[in-house]
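First comes the structure, then the notes that go with it.
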Amino acid sequence: MEALNGWWDDYFWGSVVVFKIFITSLILMVIFGLIGAMAKLSNNRIAQKLAAAYTVIFRGTPEILVILLLYFGSAITLTAIAQIFNPDIKFLDIPPFWAGTFAISVIVGSYATETFRGAFLGVDPGSVEAARALGLSNFKTFIYVRIPEMWRIALPPFGNHMLSLIKDTALISIIGLNETLYVAKQATSVTSKPFTMYIVVGCIYLAFSTAITLTVMGLEKYANHHLEDA
Amino acid sequence: MNKIKPFIQMQNVEKFFGQFQALKNINLEVQKGERIVVCGPSGSGKSTLIRCINRLESHNSGHIIIDGTELTDQMENIDAVRSEVGMVFQSFNLFPHMTILKNLMLAQRLVRKTPKEEAKKIAMHYLERVKIPEQADKYPIHLSGGQQQRVAIARALCMKPAVMLFDEPTSALDPEMINEVLEVMTDLAKEGMTMICVTHEMGFARSVADRVIFMDQGEIVEQATPEEFFDSPKSNRLKLFMQQILTH
Amino acid sequence: MNESVSLIFDSVLQMLGGIGMTFQLMFVSGILGLLLAIILLLMRISGKWYLNWPAQAYIYVFRGTPILVQIFIIYYGLPQFEFIRDSIFWPILREGYGCAIVGLILNSGAYVSEILRGGVIGVNPGLGEAGSALGLSARQRFIHITAPIAARLALPAYSNEIISLMKSTALASTITVMDMTGIARTIVAETYAPYEIFISLAIIYMILTFFIQKSFGRIENFLGRYTKQLEI
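From first to last, the protein sequence lines are chains L, S and B.
The first sequence lines up with residues 36 to 265 when you count with my numbering.
The second sequence lines up with residues 1184 to 1431 when you count with my numbering.
The third sequence lines up with residues 28 to 259 when you count with my numbering.
Here it is in structure tokens:
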């Protein structure tokens, strides 16, 4: 255990990076998911096709491949563009943080597309009709009837998407992001205690997953409070 | 010692679900060949009563003795007792992934170790008894509710049980299918099968039962022959119940 | 343009050379993972706390951490211990290939076990009661009634899990295994043509995904034949 002395700071900052990616990708994932769901539910044929292609592509491709493609692909494009202006530039890349965050958001967003679509379709049309019959405007019906109901339906799978995101952050280490796995790799080369170093990473992720699971459980309880004890 | 030993004996049986007392001090004896109908409002404990007899529910105190064997926690041979006690459920509970024939053969093969051909012969025999041998190779979902319930009865009969328990066998059926099931049950009664039926079919109770039992709030409130039971109910609770049933 | 086409053509051929490795990783860990999942499931539904708790803890840990971390702990971490290096498992754990398979088995076992449990929970409890009432023992009820119905109920989720597993095999490339992704990464490092190579590879994976989905669809149809009304 004393091998860990001196590395705690690095693990801490690595965890901060993980947390930052998580929050950023969570926001992006919701945006991608909502866009995908709206496209699938729209009447526009092309939008529907594009959304369908989106889900098929990212559900059928390994996550690591998407990350590699986005990072190296964007790097080569950026470098080529930069060389037009300054031939001396050898290599220019999007920071791994952003390439990785974007990649995992797009991937998990493709799963969230189905979740949001299902939640939208899962709202009981009867309660929407009832709200309209009571004289609520379209907007008010959306806010007071649809959103709370969708939220309740989407929450359990949404919790799983959040867990996917946090676990996928580990993949970003392969393009050189200085998160916890990267720290473990460095620490290993210095201390030659790889097991200790990687187990710490495992514990950090377990703590993140637990925090997410507990949060989702709390939210679910809140979202379902009207269903308890009939 | 009684001269004729009762086939089923329940003595001071009590059953709790958490705080809720489902059975209160139940005493009941059933002789071989007797046909008993149990009725009562929902939640009165009538289903729990027969489910205790084959130990789908375990009682908390008192004694239940089936053909000389007491049902206890440390029973090794509960499956042997169960195979002597046939049961028909409200929701049929046919095994959906097996054909009708396989449904009838499964327990014969596994519990009775009956050879395949013989099991098949017995199965077909009982399918004919319930008048649907032509459905043998279909899956349960392909049959109507009434047909499924007849299959469920045949499945129980294949084990040649000494007693048959019916737990509201017609409650889940559309009205036009109730009679085909009651007919099968009536035939069975005529042949001398020992039967305990939880049912609200009062016509069946009147024509078939030797004894009708009325339960309310976990207690046996009244038991009598059908004539007495229907024509001169004693307790107010039974009178009220009869009114509710008849005005239905 | 022509250069691109021939580059794609050559590299696709090279990458397909790794498809055998991808399949090996997938099938070996798929089968052994299923076995592990069944053991975990039996532990969870045994009704004995000393079997249930360890199984739950196992599932919690392996579902709560990234599979890449699990693979790294096995590949980089375990050799820290001398007793591992002296054990009979060393020939397996010394190689990236062995570590990848062990990691995939341990990980998918946890996920699949939860999927199977979902299937078991979905089986109508009345059927078990009907089995009891006929005198079937607990073991007979599980084998002949619960298990076959649960298997069918779990199949759609299981097919998604196998697709996940297939995608996870690509992680083996991070510990020196030359599966399709490993080969692709080498080619990209040499040619610096990430678009051509990675996109071609993505398409290969998508085709595999498509076939997995189709096959499971067939199996579902077959196993679920008793759930369909006859055509009238």
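Every residue gets a Cβ at the ideal spot worked out from N, C-alpha and C, and that includes glycine.
Query	Result
List the endpoints of the continuous beta strand (DSSP E) containing M1270(S).	1268 to 1271
To which residues of the same chain is I56(L) closer than 6 Å at the C-beta, ignoring the five residues directly before and after it?	T136, T204
Whole angstroms are fine: how far does the CA of A160(B) sit from the CA of I178(L)?	52 Å
What does the alpha-carbon distance come out to for the pair L1326(S) and L1348(S)?	23 Å
Could you compute how far the alpha carbon of L1340(S) sits from the alpha carbon of G1269(S)?	7 Å
Check S208(L) in the structure and name its three-state DSSP category.	helix
When you compare the CB positions of V251(L) and G194(L), do they come within less than 8 Å of one another, or not?	yes
Thinking C-alpha only, which one of E37(L), F155(L), P192(L), F174(L) is nearest E184(L)?	F155(L)
Return the residue from the list A110(L), Q118(L), A115(L), G153(L) that minimises the CA-CA distance to R187(L).	G153(L)
Which value, in whole angstroms, describes the spacing of the CA atoms of V101(L) and Y138(B)?	23 Å
Taking a cut of 7 Å between CB atoms, which residues from the region 98 to 118 of chain L lie near chain B?	E98, I99, L100, L103, L104, F107, G108, I111
Can you pull the chain B neighbours of N1237(S), defined as C-beta to C-beta under 8 Å?	S159, A160
With which residues is F1200(S) paired in a DSSP beta bridge?	F1203(S)
Enumerate in chain order the residues of its own chain whose CB-to-CB distance from I1261(S) is below 8 Å, with the five nearest sequence positions on each side excluded.	R1238, L1254
Taking the Cβ atom as the reference point for each residue, do D1350(S) and S1230(S) lie within a distance shorter than 8 Å?	yes
Under 7 Å Cβ to Cβ from S50(L), same chain only, skipping five residues before and after it: list those, please.	T215, I239
Do the CB positions of D1393(S) and I1219(S) come within less than 8 Å of each other?	yes
Leaving out five residues before and five after L1277(S) in sequence, what residues of the same chain have Cβ atoms less than 7 Å from its Cβ?	N1286, P1323, Q1331, V1334, A1335
Could you check whether the Cβ of G318(B) sits closer than 8 Å to any Cβ belonging to chain L?	Residue 318(B) falls outside the range modelled here, since chain B spans only 28 to 259, and no answer is possible.
Helix, strand or coil: how does DSSP classify G1228(S) here?	coil
What's the call for H1246(S), buried or exposed, on a 16-neighbour Cβ count within 10 Å?	exposed
Leaving out five residues before and five after I239(B) in sequence, what residues of the same chain have Cβ atoms less than 7 Å from its Cβ?	S186, I189, I190, M193
Where does the unbroken beta strand (DSSP E) through E1311(S) begin, and where does it stop?	Premise fails: E1311(S) lies in the alpha helix (DSSP H), 1299 to 1312, not in any beta strand (DSSP E).
How is E1212(S) classed by DSSP in three states: helix, strand or coil?	strand
Can you name, in chain order, every residue of its own chain whose Cβ lies under 7 Å from the Cβ of I119(L), other than the five neighbours on each side?	none
Use the C-beta contact count for V225(L): other C-beta atoms within 10 angstroms, 16 or more gives buried, fewer gives exposed.	exposed
For L1367(S) and M1288(S), what's the separation of their Cα atoms in angstroms?	Residue 1367(S) is actually Val in this sequence, not Leu. Going by the C-alpha atoms only, they are around 20 Å apart.
Residues of chain B with CB closer than 7 Å to the CB of H1308(S), please, in chain order.	Per Cβ cutoff of 7 Å: no residues; H1308(S) is ~17 Å from chain B at best.
Consult DSSP for G251(B) and reduce its assignment to one of helix, strand or coil.	coil
Run the CB neighbour count on L1387(S), radius 10 Å, all protein chains shown included, and call it buried at 16 or more, exposed below.	For the record, residue 1387(S) in the displayed sequence is Phe; it is not Leu. Classification for F1387(S): buried.
Taking the alpha-carbon of D45(L) as reference, which of I129(L), F151(L), K220(L), I247(L) has the nearest alpha-carbon?	K220(L)
Taking a cut of 8 Å between CB atoms, which residues from the region 95 to 121 of chain B lie near chain L?	L95, V96, Q97, F99, I100, Y103, G104, L105, P106, Q107, F108
Between the alpha carbons of T201(B) and N79(L), how many angstroms are there, rounded?	42 Å
Since I believe G237(L) is in contact with T92(B) (beta carbons under 8 Å), could you give me their beta-carbon distance rounded to a whole number of angstroms?	5 Å
Mapping the DSSP letters down to three states, classify Q256(B) as helix, strand or coil.	coil
So that I know if they touch, is there some Cβ in chain B lying closer than 8 Å to that of D1357(S)?	no
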